[in-house]
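Below: one structure, written as structure tokens.
Number of protein chains: 2
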Amino acid sequence: MADIVVGVIGFGTVGTGVVKILLNNRSMLEQRTGCRVELKRIVDLDTTTDRGVSVPNGMLTDTISTILDDNEINTVVELIGGENPAKKFIEAALTAGKNVITSNKEVIAKHGKAFTAIAKKHGCTILYEAAVGGGIPVLHAIRNSLSANKIEKVFGIVNGTTNFILSKMSETGADFGETLKEAQALGYAEANPENDVEGYDARYKLAILASLAFRCTVNYKDIYCEGITNISSEDIEAANQFGYAIKMLAMGINHKDAIQLRVHPVMVEKEHPLATVGDAFNAIYIQGDSLGESMLYGRGAGELPTASAVVGDIMNLAFRNDSAFSRDTDFALNERKIMSINDCFTSFFIRCIVDDAPGVLAKIANIFAKNEVSIQGLQQIDADAGTATITIITHQVKEEKMRSALKEIEGLSSVQKIASVIRVGFGDETL
Amino acid sequence: MADIVVGVIGFGTVGTGVVKILLNNRSMLEQRTGCRVELKRIVDLDTTTDRGVSVPNGMLTDTISTILDDNEINTVVELIGGENPAKKFIEAALTAGKNVITSNKEVIAKHGKAFTAIAKKHGCTILYEAAVGGGIPVLHAIRNSLSANKIEKVFGIVNGTTNFILSKMSETGADFGETLKEAQALGYAEANPENDVEGYDARYKLAILASLAFRCTVNYKDIYCEGITNISSEDIEAANQFGYAIKMLAMGINHKDAIQLRVHPVMVEKEHPLATVGDAFNAIYIQGDSLGESMLYGRGAGELPTASAVVGDIMNLAFRNDSAFSRDTDFALNERKIMSINDCFTSFFIRCIVDDAPGVLAKIANIFAKNEVSIQGLQQIDADAGTATITIITHQVKEEKMRSALKEIEGLSSVQKIASVIRVGFGDETL
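Protein chains in written order, with numbering that gives the first Met the number 0: chain A, 0 to 430; chain W, 0 to 430.
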């Protein structure tokens, strides 16, 4: 193995972790890879802030060309995040024949296929383990040890912020808004939390996971996406009573003729391993045709866990067989049809606030029956002021039938509002 | 990558799974590796039983030389299990320069280091992912993606039989003997269950896990080992009341100057991810200095899950960089001191059956105090016939102090018997 000479772009949280590992554990890394693993350069616009790690004089600059134009640097670690200018830097590095390691889910979800083509052309590679599941080596497992499997299902808790919020809501009984504030105070959620709570972050990650697991190219825009902002403490409590935990899932199901891809909150049976993933942890549940059920669990974010995955990718550059990997099957050309959400089958939890008057329940039941929605469980609780709450769990039903039923129910004069519509279980009605 | 031409020794449960995958998924395997992946020969003493897979004429023989003496076969899959004659076949294959893949934990725990040396000498490799955790790619993860970490702790539920029995006991309230019979009827336990229920199987697996995770050579005989045959339904119930699940764990802790290795039942806090691993599932919890906490979960046994790991190893032969792997750091020469169980610190759960007489509790408390055992929780339940049950949970204490206390307590005339001694939590008092 040739030596690995590294340039790190982006000296933020994860960058600091990577630099710490490369500087402090260098002899261990070199013993394990059998080659020199040298951090030569760090580039960041901010060259003055103390990051709590002592960097040799001259290593940190604000000039990107000190990495991109340095022929000795053969491995570029991109950790600035976001689409631009990361895309430009990655393209330039690959075009110069440098291997690229990145934790940037957005740029990989959007341009992974193009990057893979550039890498192939210039005899180098792009790896991005840290982009999905932080420290959890899920992409490497899918590419390597699990590659004897046809992967049938991938269900991930891939966003720590939403898992933290939903877990906290479940523990404390607090509502979404309150818990979001707590998450922001603790640094688990950003000032503008949209990217996490609306599911956009999870959608990028699912695009990457599904591309590798199902060996096709997924456009992240084709993934159905629904956030957690409407989940209320009442929903969490009702889920709990029915034996479920509410989790934000990124889900891929590999059908014969198409794939299902969706990001939305799910009521997960408490006995399922995904239900027990608490705090800001991530977990990816994989079902393979030989493997059966399996799950990888760990820290999805944070300085050192994410850095562990980045440096793991650097190590894997030394361990892997370039001739095998140069065939790079990531973002393969296989065309797979992505199912419309309207054609997906799941069970639903519905919570309606209705007038406490005779006949309302019958009307709702009739509308469900007309739309072929079969009811699995139902509960009516009468409140004080002439209103009642009806909660319903349905059997699996095609989404479009549910939507049409809900539209009719919403139109009933005795229905004040449909307070919640949450999918229950994973939905696996085969096509 | 050169072509992979496979000979399978042992056409039992896992062998059948491997043959199914190699024959039925051949085109997928070849697409993914970019090379020919051909099953050429299967050897088993029984060449007549129908295994439910159609094998080409002449592929199955009872003659081991048709594999070992065939120069075209470069990859030998050993699936007969046990020490002999597996050892002889593996040595012969490696000496002939053939790569070896095995699921045989006993032969690897006993001879892994010698095999690694032979492989190195003859320019080939031995891989044994399926030996630990069945379909869970834990060894590959430790060797590759997690290799930027110093692994601090490895705690595994690595024996499906004991996890099935303990999980069932917890669900049904039945006792050990009864549940063992059920496990035997279901095929989860063997007619002679000793290897599983006494922890010998888990001990082999911990020797392998620890050798890789802590980069040293572990003699399995040096691992403290205690089975689950003394766990009663009363223990399970008491654990439940205190907020614990009883799990059979294989535990490794990497201290600065030594390593702790032990296999025994543990009361695990219900909130810990290991506590929720039910049925015959396996899980390996890993704590790394960068990674933090992580867990890999899946099926630890069975035809196809184990075969998935075996074929995954075959795939990894194609994916890996031989020059990096020929340094083979498995079973490294690093000498690590293994701590005596007497020097380990853990909390304990103790259940004593005593005479229902004044002063018994005081005597027990005095003995604990004298031996520096600090009590965390205590419960006395008076029974009918002049006897009482005292359950105690202690703070962390050095094992030898606990043993000396227990010996004294056992000697008290008012103590009828010490019914249970179970370690609580993982014990992580640093040296």
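From the three backbone atoms N, C-alpha and C, an ideal C-beta is built for every residue, glycine too.
Around the Cβ of Q378/W, a 10 Å sphere holds fewer than 16 other Cβ atoms; the residue is exposed. Just measuring C-alpha positions, the residue of Q415/A, T48/A, F213/A sitting nearest L138/A is F213/A.
Judged by DSSP in its simplified three-state form, A306/W adopts helix.
Per DSSP, reduced to three states, the secondary structure at M294/A is strand. Annotated three-state conformation of T65/A is helix, per DSSP. The C-alpha of N148/A is placed about 21 Å away from the C-alpha of G132/A. Judged by DSSP in its simplified three-state form, L411/W adopts coil rather than helix or strand. Within the stretch 369-413 of chain A, the complete alpha helix (DSSP H) runs of at least 4 residues fall at 398-409. For M266/W, the closest of E236/W, D221/W, E409/W by C-alpha to C-alpha distance is E236/W.
Closer than 7 Å at the C-beta level to chain A, one finds these residues of the stretch 121-138 of chain W: E128, G134, I135, P136.
A distance below 7 Å between beta-carbons, with the five flanking residues on each side excluded, links A274/W to the following residues of its chain, in chain order: A244, K246, V267, E268.
Distances from the alpha-carbon of S403/W to those of I391/W, G376/W, K369/W put K369/W closest. The beta carbon of E292/A falls within 8 Å of a beta carbon belonging to chain W, placing the residue at that interface. Short of 7 Å from the beta carbon of A182/W, and not among the five residues preceding or following it, lie these beta carbons of its own chain, in chain order: T160, F163, I164, A188.
Between A282/A and M294/A, the C-beta gap is smaller than 8 Å, which places the two residues in contact. For K269/A, the three-state secondary structure derived from DSSP is coil. The beta carbons of F348/A and I421/A sit about 5 Å from each other, so the pair counts as a contact at 8 Å. Counting only the Cα atoms, E407/W lies some 19 Å from Q395/W. For E77/A, no alpha helix (DSSP H) run applies; the uninterrupted beta strand (DSSP E) run containing it begins and ends at 74-77, by DSSP. When 8 Å is used as the limit between beta carbons, I20/A is near these residues of chain W: A147, S289, in chain order. For N143/W, the C-beta contacts it makes with chain A under 8 Å involve P136, H139, N143, G311, M314, N315, F318, in order along the chain. In the structure shown, Y199/A adopts helical secondary structure according to DSSP, grouped into three states. Within the same chain, and ignoring the five residues on either side of E409/W in sequence, the residues whose Cβ sits closer than 7 Å to its Cβ are I417. Beta-bridge partners assigned by DSSP to I366/W: none are found.
Apart from the 5 residues on each side of it in sequence, G297/A sits with its Cβ closer than 6 Å to the Cβ of G134, I135 in its chain, given in chain order.
By the Cβ rule, the stretch 199-208 of chain A does not count as touching the stretch 166-183 of chain A, because fewer than three pairs are nearer than 8 Å.
The beta carbon of M247/A sits no closer than 8 Å to any beta carbon of chain W.
Here I380/A is exposed: its Cβ has fewer than 16 other Cβ atoms, across all protein chains shown, within 10 Å. Legend: CB atoms of the stretch 186-204 of chain A lying less than 9 Å from CB atoms of chain W are not found in any residue.
Taken atom to atom, the span from the alpha-carbon of S339/W to that of F241/A is near 48 Å. Per the DSSP secondary-structure output, L248/A pairs in a beta bridge with H263/A. An exposed status is given to T48/W, since fewer than 16 other beta-carbon atoms sit within 10 Å of its beta-carbon. When secondary structure is reduced to three states using DSSP, Y219/W falls in the helix class.
The C-alpha of A184/A lies about 33 Å from the C-alpha of I89/A. Checking the DSSP bridge columns, you'll see V353/A partnered with A387/A, V414/A. Inter-residue distance for Q415/W and V353/W is about 5 Å (C-alpha atoms, whole angstroms).
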